[in-house]
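In my numbering, the protein residues as written are 95 to 351. Glycine included, every Cβ here is placed at the ideal spot set by N, Cα and C. Predicted model, so just to flag it, every value in this text is computed and none were measured. Right, one structure below, let's go through it.
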């Protein structure tokens with residue numbers, strides 16, 4: 095059983111059409127499902143490192159055998175102690191929005207590089223409760239296996255939910271790679287401790303590359319292929335871009351404490 099910390103309470107709204115067009119919504123009260131000893135500042139880094147190493151054994155690196163029909167993107171924005179998690183579901187390959195969800199929750203876990211999943215997974219996992227179907231591939235704003243213990247946010251979510259995930263981070267957390275050529279589709283492999291863990295992928299000419307890495311049930315080739323196919327004139331894949339825009343807009347409406 096996966097054991098991750100949960101803090102505070104969550105609530106939110108789901109919509110079945112783009113947020114700005116309709117608001118067929120329902121309140122979704124949620125309760126904590128996963129617990130870990132200690133909370134807030136009393137957690138122990140070494141215990142969390144051990145947990146990540148143990149759970150990383152559950153990560154599967156495998157090729158994408160067929161194109162998905164539905165993909166998703168998740169993102170969290172913050173306002174004081176509050177986090178706004180957003181899930182966008184899109185029809186593939188049209189990238190047409192078919193469902194949006196958000197949850198708001200009090201986040202009591204600090205930001206620590208390498209431990210982002212313990213801050214964001216509880217809120218993001220709650221977005222998937224009660225869904226009629228899961229996305230076949232989920233784009234995640236964070237690392238996959240390009241992580242000190244090969245268990246970044248994308249890997250954590252993938253193992254927890256049992257779905258294919260791809261990590262799309264703004265910069266590498268570990269490893270070394272050459273700067274890719276300045277053209278869309280150019281990439282250089284990211285290596286850490288002698289192992290290929292990701293790639294620096296140029297998704298648009300003239301912008302910084304993304305750090306792309308398999309999260310769960312994906313390989314490097316398939317991850318690069320889907321990220322490029324999901325990128326429509328911006329640096330990040332469209333499901334992630336839309337999730338970020340909505341989470342950011344909703345967070346601006348919160349009162350920071």
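Here residue 195 carries a strand assignment [DSSP, helix/strand/coil]. Secondary structure remark: continuous alpha helix (DSSP H) runs of at least 4 residues inside the segment 136-168, in chain order: 139-150.
Here the alpha carbon of residue 344 sits roughly 17 Å from the alpha carbon of residue 220.
Contact between the segment 232-241 and the segment 288-306 is present, with at least three C-beta pairs closer than 8 Å.
Here residue 163 has 185, 186 and 230 as same chain residues with Cβ atoms under 8 Å from its own Cβ, once five neighbours each way along the sequence are excluded.
Residue pairing from DSSP leaves residue 186 without any beta-bridge partner. Here residue 340 is buried. Its C-beta has 16 or more other C-beta atoms within 10 Å.
Here the alpha carbon of residue 284 sits roughly 15 Å from the alpha carbon of residue 275. Here residue 216 is buried: its Cβ has 16 or more other Cβ atoms, across all protein chains shown, within 10 Å.
The alpha-carbon separation between residue 161 and residue 259 amounts to approximately 14 Å. The closest CA to that of residue 296, considering only 173, 335, 288 and 327, is found on 327. A direct Cα-to-Cα measurement between residue 191 and residue 222 gives close to 16 Å. Residue pairing from DSSP places residue 172 in a beta bridge opposite 177. With 16 or more other Cβ atoms inside 10 Å of its own Cβ, residue 292 counts as buried. For residue 153 against residue 253, the beta-carbon gap comes to about 6 Å, under 8 Å, which counts as contact.
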